[in-house]
Amino acid sequence: MGIHGLVALSSLLLVSCPPKSDAGHQADIISTVEFNHTGELLATGDKGGRVVIFQREPESKNEPYNQGEYNVYSTFQSHEPEFDYLKSLEIEEKINKIKWLPQQNAAHSLLSTNDKTIKLWKITERDKRPEGYNLKDEEGKLKDLSTVTSLQVPVLKPMDLMVEVTPRRIFANGHTYHVNSISVNSDCETYMSADDLRINLWHLAITDRSFNIVDIKPANMEDLTEVITASEFHPHHCNLFVYSSSKGSLRLCDMRASALCDKHSKLYEEPEDPSNRSFFSEIISSVSDVKFSHSGRYMLTRDYLTVKVWDLNMETKPVETYQVHDYLRSKLCSLYENDCIFDKFECAWNGSDSVIMTGAYNNFFRMFDRNTKRDVTLEASRESSKPRAILKPRRVCVGGKRRKDDISVDSLDFTKKILHTAWHPTENIIAIAATNNLYIFQDKVNSEMH
Amino acid sequence: MEFKLEAHRIVSISLGKIYSARGQRGGLKLHKNLLVSLVLRSARQVYLSEPGCPPEPPPAAAGHPEEEPPPCPAAWAAEEPPPPPPQDEAGRDCQGPRPRRCCCGENRGGCAGAPPPPHCPRKRSAGERGQAGSPVKKPRREEEEPPPLPPPPPPSPPGEQEDMETGNVASLISIFGSSFSGLLSKEPKGRRRPPLDGGEAAAGTAPAEAAAEPGQICCDEPVLRTLNPWSTAIVAF
Numbered sequence: 000m001g002i003h004g005l006v007a008l009s010s011l012l013l014v015s016c017p018p019k020s021d022a023g024h025q026a027d028i029i030s031t032v033e034f035n036h037t038g039e040l041l042a043t044g045d046k047g048g049r050v051v052i053f054q055r056e057p058e059s060k061n062e063p064y065n066q067g068e069y070n071v072y073s074t075f076q077s078h079e080p081e082f083d084y085l086k087s088l089e090i091e092e093k094i095n096k097i098k099w100l101p102q103q104n105a106a107h108s109l110l111s112t113n114d115k116t117i118k119l120w121k122i123t124e125r126d127k128r129p130e131g132y133n134l135k136d137e138e139g140k141l142k143d144l145s146t147v148t149s150l151q152v153p154v155l156k157p158m159d160l161m162v163e164v165t166p167r168r169i170f171a172n173g174h175t176y177h178v179n180s181i182s183v184n185s186d187c188e189t190y191m192s193a194d195d196l197r198i199n200l201w202h203l204a205i206t207d208r209s210f211n212i213v214d215i216k217p218a219n220m221e222d223l224t225e226v227i228t229a230s231e232f233h234p235h236h237c238n239l240f241v242y243s244s245s246k247g248s249l250r251l252c253d254m255r256a257s258a259l260c261d262k263h264s265k266l267y268e269e270p271e272d273p274s275n276r277s278f279f280s281e282i283i284s285s286v287s288d289v290k291f292s293h294s295g296r297y298m299l300t301r302d303y304l305t306v307k308v309w310d311l312n313m314e315t316k317p318v319e320t321y322q323v324h325d326y327l328r329s330k331l332c333s334l335y336e337n338d339c340i341f342d343k344f345e346c347a348w349n350g351s352d353s354v355i356m357t358g359a360y361n362n363f364f365r366m367f368d369r370n371t372k373r374d375v376t377l378e379a380s381r382e383s384s385k386p387r388a389i390l391k392p393r394r395v396c397v398g399g400k401r402r403k404d405d406i407s408v409d410s411l412d413f414t415k416k417i418l419h420t421a422w423h424p425t426e427n428i429i430a431i432a433a434t435n436n437l438y439i440f441q442d443k444v445n446s447e448m449h
Numbered sequence: 000m001e002f003k004l005e006a007h008r009i010v011s012i013s014l015g016k017i018y019s020a021r022g023q024r025g026g027l028k029l030h031k032n033l034l035v036s037l038v039l040r041s042a043r044q045v046y047l048s049e050p051g052c053p054p055e056p057p058p059a060a061a062g063h064p065e066e067e068p069p070p071c072p073a074a075w076a077a078e079e080p081p082p083p084p085p086q087d088e089a090g091r092d093c094q095g096p097r098p099r100r101c102c103c104g105e106n107r108g109g110c111a112g113a114p115p116p117p118h119c120p121r122k123r124s125a126g127e128r129g130q131a132g133s134p135v136k137k138p139r140r141e142e143e144e145p146p147p148l149p150p151p152p153p154p155s156p157p158g159e160q161e162d163m164e165t166g167n168v169a170s171l172i173s174i175f176g177s178s179f180s181g182l183l184s185k186e187p188k189g190r191r192r193p194p195l196d197g198g199e200a201a202a203g204t205a206p207a208e209a210a211a212e213p214g215q216i217c218c219d220e221p222v223l224r225t226l227n228p229w230s231t232a233i234v235a236f
């Protein structure tokens, strides 16, 4: 499939207030984006602890190109700020990750987590309600019994669709450090949660205990040299999972090997290029995200300047490396100073594992076609996202010949960062979170292919 | 020289980050502080490594020491007076492998920023030459970098600092186990401490004294002298 021709399907604003600064309201900054397994639903979490779920409208026969926009389906407050009195620390309500459970009945379920607590939410629809009770009236108040003269059988009558979200489980007190990722196992019964130093395995039905499966906390904290940055279960093998570290390595672990998977089954590490050594080499090699391919054969990692594709069978180096914004390599000191070097970008596969995507600065996001080796830079902004307008590829010029519409490195806006992106599981629809705005783009040829 | 300036700048930026991380909502971020401390450590090594020193362990320890004191004062004094402009320049030179070879700018051959231990014996001999008072000034100056710079202190033998590193680990733990606020002063201008004589001996007592004053400077000299930055960040947890 091609990666050109992305059409702005719906340019959605998560908040309606026009942001004067880039951030607008801090609480509205989107902190995670996730499609469910069918792609029908799209969940976003924000810094204010809210989750907003969008649902794709069914296709309309009248407008075949309008493959269905995403509209708000439900909004709920997932997490509230808490205070840890023992440590005198406030626990942020920011939603770090959302993961959908595979749908097993009419209800949808998802896990959402902040720094400390994971919650399981059940989303149900109600479109009928019983009417005609004997003992209570329409508002539910008890009737005066003297007015009841006959018995009636309540009947279900249609009503306006109501989406109800209820917390079904709260998995608390499992983590001392900040939770950075959660991943549902392919067995649909367990999931894992990872913080900086430990990974716990939970059963979805049991909240009062979890099993610690990875613990890299050293006996003496002064010996600490690396932390866990991301983790994910293998999509098919329920015994395998991977976790990434701040040193740029990946560890594949097999839960059958032992109860505590401190010893990895495979260690994926690329030796550092000595010519690139700087004060900041360690920071830029820290892996911010790891994702298995849908096939389960590859892993995708994101560090500050690159995305890499790793073959599970090869531990010595990645099979593919793509430069996201190598022109930043000479600016690492400034990026360290303004904290941008600590930004954690995510990465995503498309449904067929042929294209990978990740975000960058200036509201740019990048896509790399693994087969053709072509790449494109696109921008998620209101100006470039008129509905139905085809996105124009952007280019960052690093000196030399400057073409019209090129952006120079020095005029990049580092406050406009695209950290969170998601790709529809089967179709060429992508969700891009640009600070507090959500953009959903669709490939123009999508409707022609289906 | 430029690399030293740039390393110096990075050290002060890093310390500033650790300082401001205290008040962050949601608590200290372990990952970020680990990375900051790694940068701090790298920059510090560059900053403290003497120009012209070879990276390998110095068997001819006797032969080297006389080299050090002359370049040291010159290097340090040169850095002090105009902090802002050199920092701007240093910023531009920040990247690349050059920071590691800090002393090459002095035309004293290659010094690839060796790990601290090989320096220790040699540096200690320099320290024995009566520069024991200076270590305390240097960390003080580092810590005060974000606010306006106080008068430049005499240089310190880095080896002595690193030698004290292991020795003060236990005291560091005791300091920071209680409160991270001890790492940096809130009012650096008003808190210049008199230099300690025989730095190593004093270091043991200073932490204890400082720990008794929560919220005040907690033993900045020995802390920053040893400057095991990682411990300062994470032992707070």
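Residue numbers (numbering that gives the first Met the number 0), protein chains in the order written: chain A, 0 to 449; chain B, 0 to 236.
Cβ coordinates follow ideal geometry from the N, Cα and C atoms, glycine included.
Keep in mind the model is a prediction, meaning the values are calculated, not measured.
| Is it the case that the Cβ atoms of Asp-126(A) and Pro-157(A) are separated by a distance below 8 angstroms? | yes
| said: Let me check you understand the geometry: is the CB of Ile-117(A) closer than 7 angstroms to at least one non-hydrogen atom of the ligand FAD? | reply: Here there are no bound small molecules, and the ligand FAD is not part of this structure.
| query | Expressed to the nearest angstrom, what Euclidean distance is found between the alpha-carbon atoms of Gly-398(A) and Cys-339(A)? | reply | 22 angstroms
| field | Phe-2(B) (DSSP reduced to helix, strand or coil) | value | helix
| request: Kindly list the residues whose CB is nearer than 8 angstroms to the CB of Pro-101(A), restricted to its own chain and excluding five residues on each side of it in sequence; keep chain order. | output: His-36, Val-183, Cys-187
| For Ala-347(A), which residues does DSSP report across the bridge? | Met-356(A)
| message | Spatial neighbours of Gln-322(A) within its chain, please: C-beta separation below 7 angstroms, excluding the five flanking residues on both sides. | response | Leu-304, Thr-305
| task | Please list the residues of the stretch 32-47 of chain B that have a C-beta atom closer than 7 angstroms to any C-beta atom in chain A, keeping them in chain order. | result | Leu-33, Leu-34, Leu-37, Val-38, Ser-41, Ala-42
| said: Using C-beta distances below 8 angstroms, list every residue in its chain close to Pro-129(A), excluding the 5 sequence neighbours before and after it, in chain order. | reply: Pro-153, Val-154, Leu-155, Lys-156
| query | Name the residues in the stretch 312-342 of chain A whose C-beta lies less than 8 angstroms from a C-beta of chain B; which are they? | reply | Arg-328, Ser-329, Lys-330, Leu-331, Cys-332, Ser-333, Tyr-335, Glu-336, Asp-338, Phe-341
| said: Please return the same chain residues whose Cβ sits closer than 8 angstroms to the Cβ of Thr-206(A), not counting the five positions on each side in sequence. | reply: Arg-168, Ile-169, Phe-170, Ala-171
| task | With a threshold of 16 other CB atoms inside 10 Å of the CB of Lys-137(B), please say whether the residue is buried or exposed. | result | The predicted position of Lys-137(B) is uncertain, since its pLDDT is 40 and thus under 50; a value taken from the coordinates is nonetheless stated next. It is buried - the Cβ of Lys-137(B) has at least 16 other Cβ atoms within 10 Å.
| message | Quick check on the DSSP output: what are the complete beta strand (DSSP E) runs of length 3 or more inside the stretch 302-348 of chain A, in order along the chain? | response | 305-310, 319-322, 346-348
| request: Taking only beta carbons into account, state which residues of the stretch 2-22 of chain B come closer than 7 angstroms to chain A, listed in chain order. | output: Ile-9, Ile-12
| field | Rounded straight-line distance, which links the Cα of Gly-247(A) to that of Leu-196(A) | value | 15 angstroms
| request: Could you tell me whether any Cβ in chain B is nearer than 8 angstroms to the Cβ of Ser-245(A)? | output: yes
| field | Interface flag, His-174(A) vs chain B, CB-CB below 8 angstroms | value | no
| field | Of the listed residues Arg-401(A), Asp-405(A), Ile-212(A), Pro-386(A), nearest to Pro-392(A) (C-alpha basis) | value | Asp-405(A)
| said: Just to confirm before moving on: does the CB-CB distance between Val-178(A) and Thr-112(A) stay below 8 angstroms? | reply: yes
| field | For Val-162(A) and Ile-122(A), the rounded distance between their alpha carbons | value | 7 angstroms
| task | Compare the Cα-Cα distances from Leu-266(A) to each of Asp-194(A), Val-32(A), Ser-243(A) and report the closest residue. | result | Ser-243(A)
| field | Closest by C-alpha distance to Phe-232(A), when choosing among Arg-365(A), Arg-296(A), Arg-208(A) | value | Arg-296(A)
| message | Less than 8 angstroms between the beta carbons of Gly-454(A) and Thr-425(A), yes or no? | response | Because residue 454(A) is not part of the residues shown, which for chain A are 0 to 449, the question remains open.
| task | For chain B, find out if any of its Cβ atoms is closer than 8 angstroms to the Cβ of Asp-195(A); answer yes or no. | result | yes
| Close-in-space but distant-in-sequence residues of the same chain around Pro-317(A) (CB under 7 angstroms, 5 per side omitted) | Glu-269, Lys-307, Val-308, Trp-309
| field | Residue-level contact to chain B via CB, Glu-56(A), 8 angstroms cutoff | value | no
| Going by C-alpha distance, which of Glu-314(A), Glu-58(A), Asp-374(A), Lys-93(A) is nearest Gly-47(A)? | Lys-93(A)
| query | So which of Thr-31(A), Asp-374(A), Ser-108(A), Leu-134(A) has the shortest CA-CA distance to Asp-143(A)? | reply | Leu-134(A)
| Helix, strand or coil: how does DSSP classify Met-161(A) here? | strand
| request: Give the interface partners of Val-226(A) over in chain B, defined as CB-CB distance under 7 angstroms, in chain order. | output: Leu-29, His-30, Leu-33
| query | Would His-7(B) be called buried (16 or more neighbouring beta carbons within 10 Å of its own) or exposed? | reply | buried
| Chain-ordered chain B contacts of Glu-91(A) [CB-CB under 7 angstroms] | Arg-24, Gly-25
| message | Given a cut-off of 8 angstroms on the beta-carbon distance, is the pair Ile-453(A) and Leu-200(A) in contact? | response | Within the shown structure, residues of chain A are numbered from 0 to 449, placing residue 453(A) beyond reach of any answer.
| task | Just grab the DSSP bridge partners of Ser-504(A) for me. | result | This structure cannot settle anything about residue 504(A), because the visible part of chain A is limited to 0 through 449.
| message | Could you tell me the alpha carbon to alpha carbon distance between Arg-40(B) and Lys-343(A), rounded to whole angstroms? | response | 22 angstroms
| request: Leaving out five residues on either side along the sequence, give the residues of the same chain with a beta carbon under 7 angstroms from the beta carbon of Asn-337(A). | output: Phe-413
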